[in-house]
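Participant:
The structure is reproduced here in structure tokens:
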């Protein structure tokens, strides 16, 4: 008995003019792009009317909000690139802020006043001849100037002063015998500081170095008048110079007065 392969069933052709309807296949790529586009558009509209926060209208001091907004903007840019069919590579350029401040001027530059008190300057006159040797104070009545000289005969400081209007001090060698940080002038002629005494006048009043006296709340002379005789017996100095001589001259320091 012979075997025959079973013939496949025959399909009957449908009636002419009719076709079976094909089921549509969803295109998920386009659906995703459309959803992204709608999301970006919606977020942009809500942010524009103030419903959602944005970097421009948000709190600039809140770094978390600024970071979230930056991510949303990056997603929007990526979605726009997909819609346009192009690939983009985000790039960031750091901004560098350089702030410059004018250098501050020091007090010496701001004053603009030359000290003229350092030793060895060409403008400073030398110590007068026959004014002693070694550690000493030299006062020249003609120049109305003081020199502070160390053990090596080097001038540590020199400056103008105001000596007496009267001839009450003879040239010669003296020594410091008394010191008062605060003193009162005779006949209530004012108060003074850093008084270093080295001799006495004919009337018994002490003669020495001190700063410019103050009487009734005002100095009895100006600093610009230093270098001219102004006092009634002592040697007046600018405050800084008076302090320097006070520190330089303990009791027993030699004082040489020249004419």
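Numbering (my numbering), first residue to last: 507 to 765.
Where a beta carbon is used, it is the ideal one built from N, C-alpha and C, also for glycine.
#1: Please classify residue 672 as buried or exposed, where buried requires at least 16 other C-beta atoms within 10 Å of its C-beta.
#2: Is the beta carbon of residue 665 sitting closer than 7 Å to the one on residue 704?
#3: Measuring only the C-alpha atoms, how far is residue 744 from residue 652?
#4: Using C-beta distances below 6 Å, list every residue in its chain close to residue 701, excluding the 5 sequence neighbours before and after it, in chain order.
#5: Ordered along the chain, which non-local residues of its own chain (more than five positions away) have a Cβ less than 7 Å from that of residue 656?
#6: Do residue 696 and residue 721 have their C-beta atoms within less than 7 Å of each other?
#7: For residue 669, count neighbouring C-beta atoms within 10 Å of its own C-beta (all shown protein chains included) and say buried if the count is 16 or more, exposed if not.
#8: Per DSSP, residue 703 is paired with what?
#9: Is it buried or exposed for residue 756, if we count other Cβ within 10 angstroms and need 16 for buried?
#10: Residue 466 to residue 678, Cα distance in whole Å?
#11: If we ignore side chains and look at the alpha-carbon of each, how far apart do residue 667 and residue 734 end up?
#12: To the nearest angstrom, report how far apart residue 682 and residue 712 are at their CA atoms.
#13: How many Å lie between residue 658 and residue 725 at the Cα?
Facilitator: On the basis of the supplied data:
#1: Around the Cβ of residue 672, a 10 Å sphere holds fewer than 16 other Cβ atoms; the residue is exposed.
#2: Contact flag unset, no.
#3: So the alpha carbons of these two residues sit roughly 12 Å apart.
#4: Same-chain partners within the cutoff: 686, 689, 714, 716.
#5: Close CB contacts of residue 656 within its chain, under the 7 Å cut and outside five residues either way in sequence, are with 641, 662 (chain order).
#6: Note that the C-beta distance between residue 696 and residue 721 is below 7 Å.
#7: Residue environment analysis places residue 669 among the buried positions, since at least 16 neighbouring C-beta atoms fall within 10 angstroms of its C-beta.
#8: Under DSSP, residue 703 takes part in a beta bridge, and its partners are 684, 714.
#9: Answer is exposed; the Cβ neighbour count stays below 16.
#10: What is shown of the chain runs 507 to 765, which leaves residue 466 out entirely.
#11: C-alpha separation (whole angstroms): 7 Å.
#12: If you draw a straight line from the Cα of residue 682 to the Cα of residue 712, it comes to about 11 Å.
#13: Cα to Cα, residue 658 sits roughly 36 Å from residue 725.
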